Amino acid sequence: MDIKKTNDKFTNPLTGKLVFDSIKPLNLNSFTKEDLREYFNNSFDLYETLFTSLKYDSVYYLCPDRLRLPLIFYYGHTAAVFMNKLCLAGLIKPNERIRFDLEMTFETGVDEMSWDDTEHYRMGGSYKWPTVEETKEFRLKVRELINKVIDRTPLELPVTWDSPWWALFMGFEHERIHFETSTVLIRQYPIELVQRPIGWTYAPFKLSSFKSIKENKMIKVPETNVRLGKSFDFPSYGWDNEYGQVDCKVSAFEASQFKITNEQFLEFVLDDGYKNRDYWSEEGWEWVQFKKATHPLFWVCPMKCKSGCGGVLSSYSHCQQHHFTKDQVELFNSSDSKEKMKKFFDDKNQNDLVRKFPFKYRLMFNIVEMPQNWPVEVNYHEAKAFCKWKGAGYRCITEAEHHAIRDYDVLDLNTSNDIIYQLHSKVNHNMAYGSSAPVDLHPANSKGFHDVFGNVWEWTEDNFNGLPGTKTHYLYDDFSSPCYDGRHNIIMGGSWASTGDEASCFARFMFRRHFYQHCGFRIVRSLPTLDGSKPNPQVRLVKDHIFVLGAGIPENKVDLNSNEIELSYYDTTNEQYFYDSHMHPEYFENELIEQHSDQECLQVSKLVNTIDSILDENKIDRKIATHLGCSTGRLVYNLVDKFDEVIGVDYCGRLLDVALKLQSLGKIDINLETKNDSKMTIKVENFQKIKKVVFKQMTWVPNEIPKSDLVIFTMIDRVENHLSWLRRLKEVVKPDGLLVIYSKESKWNSERLDIIISNVFELYNERSIDGKDSLTLWRIKSKYTKENL
1 MDIKKTNDKF TNPLTGKLVF DSIKPLNLNS FTKEDLREYF NNSFDLYETL FTSLKYDSVY
61 YLCPDRLRLP LIFYYGHTAA VFMNKLCLAG LIKPNERIRF DLEMTFETGV DEMSWDDTEH
121 YRMGGSYKWP TVEETKEFRL KVRELINKVI DRTPLELPVT WDSPWWALFM GFEHERIHFE
181 TSTVLIRQYP IELVQRPIGW TYAPFKLSSF KSIKENKMIK VPETNVRLGK SFDFPSYGWD
241 NEYGQVDCKV SAFEASQFKI TNEQFLEFVL DDGYKNRDYW SEEGWEWVQF KKATHPLFWV
301 CPMKCKSGCG GVLSSYSHCQ QHHFTKDQVE LFNSSDSKEK MKKFFDDKNQ NDLVRKFPFK
361 YRLMFNIVEM PQNWPVEVNY HEAKAFCKWK GAGYRCITEA EHHAIRDYDV LDLNTSNDII
421 YQLHSKVNHN MAYGSSAPVD LHPANSKGFH DVFGNVWEWT EDNFNGLPGT KTHYLYDDFS
481 SPCYDGRHNI IMGGSWASTG DEASCFARFM FRRHFYQHCG FRIVRSLPTL DGSKPNPQVR
541 LVKDHIFVLG AGIPENKVDL NSNEIELSYY DTTNEQYFYD SHMHPEYFEN ELIEQHSDQE
601 CLQVSKLVNT IDSILDENKI DRKIATHLGC STGRLVYNLV DKFDEVIGVD YCGRLLDVAL
661 KLQSLGKIDI NLETKNDSKM TIKVENFQKI KKVVFKQMTW VPNEIPKSDL VIFTMIDRVE
721 NHLSWLRRLK EVVKPDGLLV IYSKESKWNS ERLDIIISNV FELYNERSID GKDSLTLWRI
781 KSKYTKENL
């Protein structure tokens, strides 16, 4: 693509003010509606201000990262999520929805599973996105509606997890997360397509300020007791993964006083760190080979390196010769370039070392000389390779060790000493600057460590997982839990772009190990114990290997030496994953037997027959039927002849894998591990007719599921958050449609369901299968339809 030919039309994305200052989050015990309006509008303004950096409307439709959607999606996404959550919480009525078609478009994004995933269809030029003007109008009306909601809704303090107001704070903090992740995406655009907004302030980056940080000494930390987790009564908003509690004793260790700098990482690059297989894990080396990586993403060289942009930008490279002098280009092109660079870099007589740093650096909107005393930004694989290059025993920090290097004990925390609430904290976060900063810009904490919070996030060795006592919220059941899969690592501490809850001391965020964020690392090494036992850094790992639809069960090797330190493995706290985990084959196999075994499937057969009789007795349209909890498709296939369109939804990848194979082949053989590897044959007669069934893997019920004439919900006994699914049913049943809820052993009978869904649905009929399982039939109340639809 010739980026110089990009359409020069520009639509101002602001529906409010141009804002670069982020205000601090609210204390949920004591705030006014005026405070609430101010925080909401600051969140909305700050996010929109970021999009003023895109030079042209056409830039919104380009993909700065081949595994992420174009920026037009993210511009509209946060407003769509506001609408969705406020409707679920009852703060707005369904008939107040502004543009349901845009909600559907912007509601759900793509989450890549691996660096070599194929590009999502919505990244291509053929997908018809809304215009920037349309999306801006949508955002404006959402802003107006939310301000109206704040004005008209009685405020009851304190706001807690169970309060309807929690939905509003969820929207605030969701938008602030996307503010930060969108800065990373915009930073990956070709420099010619972005502009630095007037008022965007970088940290000091005069050449004279790029002083060398030659010594990054290791500071010893004694054996320490720490507590992880946030109390549900702490008066600030938190995401589900922050709650719960772990008390543990961290063995003595030493950690670098600073995060690793660009200058220090250059030594690894010049020592052929990206070419030496010995420094990389198997997963990391596969990433290096695929990416053809030779240096960190935001470093710039003249060698036209692979950029990682998507769509029409896929051939673009950030590393262009015109950013360098002729001599610098020749230095990179020489046969002994690394030796020449290393010799020059080690020359202590250079008075102007920083001007000759071989690489340049990509800021948000500019390419500048390399700030060598700023923290390097890398993914987990690069951080771990540096640690191995550094020497035996070096690794990244653990979540528990990160708590151990902090200034305070979590038991003494309140909003006055959570870092985000401190008025004069010397931390590069909350948009104090619009970039990273020198690692020694702010003083060390009482233990001698710099940037424990802020500047850049910090990779940890821990797999992301819930803490003991955690639970999901019905408004956003799948915010964290899909990432409890052993393939996401925790990042800690926040960055310069972290605001709100992200900048809190309780923040626990996660990304896949190949993922880029404003994220760096410090090196850590466990110290010998007094009794000679293995040190325990309290690293928390997920022992489950989770099935991925289309990929099977990827091996999830841990890049830590169990001979040197204690490794602690835990079950995933996402219980829905038990059906996809290699650790719990009985869940998957029992479901197969229930669905298809000649001896065990009598109940399912009777359920199928009962549904048939219900359809015979009830006159409903036969256009769309949706089965939530379709499993391997046994019931769905029975509906094919009865409806024009049939949709099967399940969260379990392994069960859907069986359904899709049956749809394609008509017959499959499966070895049952829990039955002495006996073979089970599953067959569907006349399988050609079931080709029209659409299967979807969903961790909740999004707007893309159409309103249906018949909705059958059969997995209430195996979902983790019942309320999350039950509250969404009103969104997918037509006003004159029929809802059928099946519960094994009648655990969810009509009385129990009525407590939750009676504001929308009324019981129409109730049946029992063999006096054991219950089948309840529901219709939407006419009063609800008149008042809300």
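Numbering (the UniProt record's numbering) for the sequence shown: 1 to 789.
Here a beta-carbon is modelled for each residue, glycine too, at the ideal position from N, C-alpha and C.
On a predicted model such as this, the values are computed, not experimentally measured, just so you know.
Query                                                                                                               : Result
Within 8 Å, strictly: CB atoms of residue 83 and residue 72                                                         : no
Any non-hydrogen atom of the ligand FMN within 7 Å of residue 429 CB                                                : Absence of the ligand FMN is noted for the structure shown, with no ligands found whatsoever.
Buried or exposed (CB count within 10 angstroms, at least 16 for buried), residue 355                               : Only weak support exists for where residue 355 lies, its pLDDT of 45 falling under 50; the value from the coordinates is given anyway. It counts as exposed.
Under 8 Å between C-beta atoms of residue 25 and residue 420                                                        : yes
Range covered by the beta strand (DSSP E) that runs through residue 288                                             : Looking at the DSSP string, residue 288 is not in any beta strand (DSSP E); the run it does join, the alpha helix (DSSP H), is 282 to 291.
Pairwise C-alpha distance: residue 652 and residue 577                                                              : 7 Å
Residue range of the unbroken alpha helix (DSSP H) whose run includes residue 709                                   : Not the alpha helix (DSSP H): residue 709 falls in the beta strand (DSSP E), residues 708 to 713.
Start-to-end residues for the alpha helix (DSSP H) that takes in residue 585                                        : 585 to 596
From 191, 460 and 77, residue whose alpha carbon lies closest to that of residue 103                                : 77
Sufficient close CB pairs (3 or more, under 8 Å) joining the stretch 441 to 451 to the stretch 252 to 272           : yes
Residue 645 versus residue 727 - alpha carbon distance                                                              : 24 Å
Residue 398 vs residue 462 beta-carbon contact at 8 Å                                                               : yes
Residue 725, enclosing alpha helix (DSSP H) - first and last residue                                                : 722 to 728
The beta strand (DSSP E) enclosing residue 385, as first and last residue numbers                                   : From DSSP, residue 385 is part of no beta strand (DSSP E) but of the alpha helix (DSSP H) over 380 to 390.
Close beta carbons around residue 747, own chain, < 7 Å, minus the five adjacent residues each side                 : 717
Cβ contact (3+ pairs, closer than 8 Å) linking the stretch 506 to 515 and the stretch 188 to 196                    : no
Closer than 8 Å to chain B by CB, residue 512                                                                       : No chain B appears in this structure, which consists of one protein chain only.
Limits of the alpha helix (DSSP H) - the one that residue 510 falls within                                          : From DSSP, residue 510 is part of no alpha helix (DSSP H) but of the beta strand (DSSP E) over 509 to 512.
Short Cβ contact (8 Å threshold) for residue 70 with residue 56                                                     : no
Residue range of the alpha helix (DSSP H) that includes residue 658                                                 : 653 to 665
Residue 328, enclosing alpha helix (DSSP H) - first and last residue                                                : 326 to 333
For residue 774: DSSP bridge partner residues                                                                       : 743 and 768
Those residues which DSSP pairs with residue 695 across a bridge                                                    : 648
Inter-stretch contact at 8 Å, needing at least 3 Cβ pairs: the stretch 222 to 242 / the stretch 180 to 190          : no
Whole-Å CB distance - residue 549 paired with residue 656, under 8 Å assumed                                        : 6 Å
Sequence-distant residues of the same chain with beta carbon closer than 6 Å to residue 306, five excluded per side : 292
Residue range of the unbroken beta strand (DSSP E) whose run includes residue 249                                   : 246 to 250
Residue 386 to residue 268 span [Cα, whole Å]                                                                       : 7 Å
Helix, strand or coil at residue 44 [DSSP, three-state]                                                             : helix
Residues that residue 624 bridges to, as DSSP identifies them                                                       : 645
Residue 171 - partner residues in DSSP beta bridges                                                                 : DSSP lists no partner for residue 171.
With 16 other Cβ atoms within 10 Å as the buried cut-off, status of residue 626                                     : buried
Inter-residue Cα distance where the pair is residue 341 and residue 331                                             : 8 Å
Which listed residue (381, 279 and 483) has its alpha carbon closest to that of residue 391                         : 279
Contact belief for residue 86 with residue 167 at Cβ below 8 Å, rounded distance in angstroms                       : 6 Å
Proximity below 8 Å, CB of residue 393 to CB of residue 525                                                         : yes
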